[in-house]
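Asks: Dropping the structure in here first, questions after.
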Amino acid sequence: ILDAAWVAKAGFPGPLEDPMLDVTDVERKPHSRLSCQLTMTAALDGIVLHIPA
-13 ILDAAWVAKA GFPGPLEDPM LDVTDVERKP HSRLSCQLTM TAALDGIVLH IPA
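The sequence shown begins at -13 in my numbering and counts up one residue at a time.
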């Protein structure tokens, strides 16, 4: 789950990622993303992610 401060830089789920977020084992949150879909760039240096238990 992206920290709210990073949503604008990381972007929103794309058309393939969005339906996948509905079938994960954890409850979907407003800032949920699949980490494999984040493109890591210098702009995301220091990104804060929250991993559900």
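Every residue, glycine too, gets a C-beta built ideally from N, C-alpha and C.
Report buried or exposed for L2, applying the criterion of at least 16 other Cβ atoms within 10 angstroms of its Cβ.
Replies: L2 should be labelled exposed.
Asks: Cutting at 8 Å between CB atoms, please list the residues of its own chain near V34, excluding the five before and the five after it.
Replies: L(-12), D(-11), A(-9), W(-8), listed in sequence order.
Asks: Using 10 angstroms around the beta-carbon of A(-4), count the other beta-carbons present and answer buried if the total reaches 16, otherwise exposed.
Replies: The residue in question, A(-4), is buried, as its Cβ has 16 or more Cβ neighbours within 10 Å.
Asks: Mind checking whether P38 and V9 have CB atoms under 9 Å apart?
Replies: No, these two residues do not count as a Cβ contact at 9 Å.
Asks: My parser needs the alpha helix (DSSP H) runs of 4 or more residues fully inside the region -1 to 31; what are they?
Replies: Counting only runs of 4 or more, we get 3 to 7.
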